[in-house]
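Visitor: Keeping their order, the protein sequence lines are chains Z and W. Start counting the first sequence at 2; every next residue gets the next number (our numbering). Start counting the second sequence at 2; every next residue gets the next number (our numbering). Idealized CB from N, CA, C, for every residue including glycine. Keep in mind that this is a model prediction, so the values were computed, not measured.
Number of protein chains: 2
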Amino acid sequence: MNTLPKPPLLMVDVVLMALVDGALHVGLARRANPDEPFFGAWALPGGFVRPQDDQSAEDTARRVLRDKAGVASPYLEQLYTFAGATRDARGWSASIVYYALVPAHVAPPGSEAFRWEPVDTVRELPFDHGRILATALERVRSKTSYSALPLYLAPAEVTMSQLRTIYEQVLGGTLEPRGFERRMVEMDILEPTGRLQSAGGKPAKVYRQVSGRGSAQLGPSLLPR
Amino acid sequence: MNTLPKPPLLMVDVVLMALVDGALHVGLARRANPDEPFFGAWALPGGFVRPQDDQSAEDTARRVLRDKAGVASPYLEQLYTFAGATRDARGWSASIVYYALVPAHVAPPGSEAFRWEPVDTVRELPFDHGRILATALERVRSKTSYSALPLYLAPAEVTMSQLRTIYEQVLGGTLEPRGFERRMVEMDILEPTGRLQSAGGKPAKVYRQVSGRGSAQLGPSLLPR
DNA sequence: AAAATAGTGTCTTTCAGACAATATTTA
DNA sequence: TAAATATTGTCTGAAAGACACTATTTT
Chain Z
2 MNTLPKPPLL MVDVVLMALV DGALHVGLAR RANPDEPFFG AWALPGGFVR PQDDQSAEDT
62 ARRVLRDKAG VASPYLEQLY TFAGATRDAR GWSASIVYYA LVPAHVAPPG SEAFRWEPVD
122 TVRELPFDHG RILATALERV RSKTSYSALP LYLAPAEVTM SQLRTIYEQV LGGTLEPRGF
182 ERRMVEMDIL EPTGRLQSAG GKPAKVYRQV SGRGSAQLGP SLLPR
Chain W
2 MNTLPKPPLL MVDVVLMALV DGALHVGLAR RANPDEPFFG AWALPGGFVR PQDDQSAEDT
62 ARRVLRDKAG VASPYLEQLY TFAGATRDAR GWSASIVYYA LVPAHVAPPG SEAFRWEPVD
122 TVRELPFDHG RILATALERV RSKTSYSALP LYLAPAEVTM SQLRTIYEQV LGGTLEPRGF
182 ERRMVEMDIL EPTGRLQSAG GKPAKVYRQV SGRGSAQLGP SLLPR
């Protein structure tokens, strides 16, 4: 008898990140299908591409986020595609992985099916999700070091020191207030609201995000300026 | 009657680049299968993942390069995955795209089935290969501006001005000899052979590539140094 | 007034760009 | 010797880092 060659599996997984209680967390979904591997375990939210429902892989990512995390319209960017014969016991598989950032006030609460875990103390994850998370962290930290990416983790209005704290949480270190302010101004991503906001000392200027500038960045360095 | 839902197609395409006659070229393969779209047209070399033959997507990329371009062991890096319902007339498809760099002396000659085309004057390509090529160029130029990536386009031994010319060809512009030399030294990717090599004027120092350092890079700029 | 927090001034060092000057070949 | 090519010296301005100082609030 002749076994039919199985086609490779095609899925999308999403590394969803937000600042919860001020620290960077990743969103995990409980695997809910008894017929699939790791039933009941906490894993990155993911799902198979549905050619009928999804026009693109990004559509799949948005559907997964909506269904498994209850998140509506996050910042979404393709990270990498993890593929091979051994990463999923069901056979050859490819997972197109996206990462997503949402501001704290939009982060959904935990539930039976969804929870937030601090990125630095996540326990063992199923499949190759540990490696995927590490890759996502690397990317987010790298982009944070030369762009305005962390704005997607921030509310629409922030003070300089709030934003600096967000950068520090993502990077894991402290930043010079003076230099930080200079670079933010240089990237042209914030405009003053004119209002002030106090947090127990001198009130801070409140800035509004200039819309859609979260990926503004500083120029590279080898090219002549 | 009930149409069976077709699974999505999974393929790998490769943007192969080399310096031919000193200018950056991309390798194109003639589409050889009469049963497939764009039969006879010149396109990026690609092929379906073969779960039986390939352990990983990178394996598929290497197989494609070997079979369609006759290239053995190039620098290979995943670029992006292009996926969606409309990019291939046969149905929902995902192409995991890699880009590859080879030094000029390893670049295979043209044939009935393979040819080199200058990256800036490539005619219309089938599928979304035009967009894929543009994305690859963007990535290579971006990495070139802060890393030693172009070493993979160079022979094992080079002079400073040869290497500078390579960078200039990739970036499309001229670079200051002084600053260029400083940055190369800083990246610690070359060691002197002690030999000299003349090209009609003062002989240049010949350097040897420090193995496996083609992706050495300068640090980012937002982080404290 | 003291503590807390925010924001600014500015000195110093480092780095990038520019380009002149020097060096060593071939024609 | 002139032309070609390579390499180095160094001046200048801009940017980054460090940090002290000023400002404005709450307690």
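Counting along the chain, where does the beta strand (DSSP E) carrying W:ARG91 start and finish?
Guide: No beta strand (DSSP E) holds W:ARG91; DSSP gives it neither H nor E.
Visitor: Report the three-state DSSP secondary structure of W:LEU224 (helix, strand or coil).
Guide: Caution is warranted here: a pLDDT of 44 is assigned to W:LEU224, below 50, making its placement in the model unreliable, and no coordinate value can be reported.
Visitor: Considering only the alpha carbon of each residue, which of W:THR82, W:GLU78, W:ALA149 lies closest to W:PHE181?
Guide: For W:PHE181, the nearest C-alpha among the options comes from W:ALA149.
Visitor: What residues in its chain sit with their C-beta under 7 Å from that of W:ALA62, if we drop five residues either side in the sequence?
Guide: VAL13, VAL15, LEU77, TYR99.
Visitor: Among all the DSSP beta bridges, which residues are the ones paired with Z:TYR100?
Guide: In DSSP, Z:TYR100 forms a bridge with Z:VAL16, Z:GLU78.
Visitor: Which residue's Cα is closest to the Cα of W:ALA105: W:LEU25, W:GLU169, W:LYS206?
Guide: Residue W:LEU25 is the option with its Cα nearest to W:ALA105.
Visitor: Which residues of the region 16-50 of chain Z have a Cβ closer than 7 Å to any Cβ of chain W? Give them in chain order.
Guide: Listed by position, the residues of the region 16-50 of chain Z near chain W (Cβ gap below 7 Å) are VAL50.
Visitor: Whose Cβ in chain Z lies nearer than 8 Å to the Cβ of W:SER57?
Guide: Within chain Z, the residues near W:SER57 are ALA84, GLY85, ALA86.
Visitor: Considering Cα atoms alone, identify which of Z:LEU154, Z:GLU158, Z:ARG179 is closest to Z:TYR168.
Guide: Taking only the C-alpha atoms, the option nearest Z:TYR168 is Z:LEU154.
Visitor: Could you work out which residues of chain W lie near Z:GLY92, taking near to mean beta carbons separated by less than 8 Å?
Guide: Under the 8 Å cutoff, chain W gives PRO52.
Visitor: Does W:VAL28 come out as helix, strand or coil in the three-state DSSP assignment?
Guide: One detail in the question is off: residue 28 of chain W reads as Gly in this sequence, not Val. It is a strand residue.
Visitor: Counting only the same chain and skipping the five closest in sequence on each side, list residues whose C-beta sits under 7 Å from that of Z:ALA32.
Guide: Position check: residue 32 of chain Z holds Arg in this sequence, whereas Ala was assumed. PHE39, PHE40, GLY41, ALA42, ALA44.
Visitor: Just checking: is the beta-carbon of Z:TYR81 within a distance shorter than 8 Å of some beta-carbon in chain W?
Guide: Closer than 8 Å: yes.
Visitor: With Z:THR160 as the anchor, note down where its alpha helix (DSSP H) starts and where it stops.
Guide: Careful: Z:THR160 lies outside any alpha helix (DSSP H), inside the beta strand (DSSP E) at 158-160.
Visitor: At the level of alpha carbons, what is the spacing between Z:ARG67 and W:GLN210?
Guide: Between Z:ARG67 and W:GLN210, the C-alpha separation is close to 49 Å.
Visitor: Buried or exposed: where does Z:PRO225 fall if 16 or more other Cβ atoms within 10 Å of its Cβ makes it buried?
Guide: In this predicted model, Z:PRO225 has a pLDDT of only 43, less than 50, meaning its place in the structure is not dependable enough to derive any value.
Visitor: Measure how close the beta-carbons of W:PRO6 and Z:PRO9 come, nearest whole angstrom, since I'm counting them as under 8 Å.
Guide: Contact doesn't hold; Cβ gap of about 16 Å is too wide.
Visitor: Using 10 angstroms around the beta-carbon of W:SER96, count the other beta-carbons present and answer buried if the total reaches 16, otherwise exposed.
Guide: By the 10 Å Cβ count, W:SER96 comes out buried.
Visitor: Using the beta-carbon of each residue, which ones in chain Z are nearer than 9 Å to W:ILE97?
Guide: What W:ILE97 touches in chain Z: THR82, ALA84, ALA95, ILE97.
Visitor: Give the residues of chain Z in contact with W:PRO193, contact being defined as C-beta atoms less than 8 Å apart.
Guide: Those do not exist, as W:PRO193 stays about 22 Å from chain Z at its closest Cβ, beyond 8 Å.
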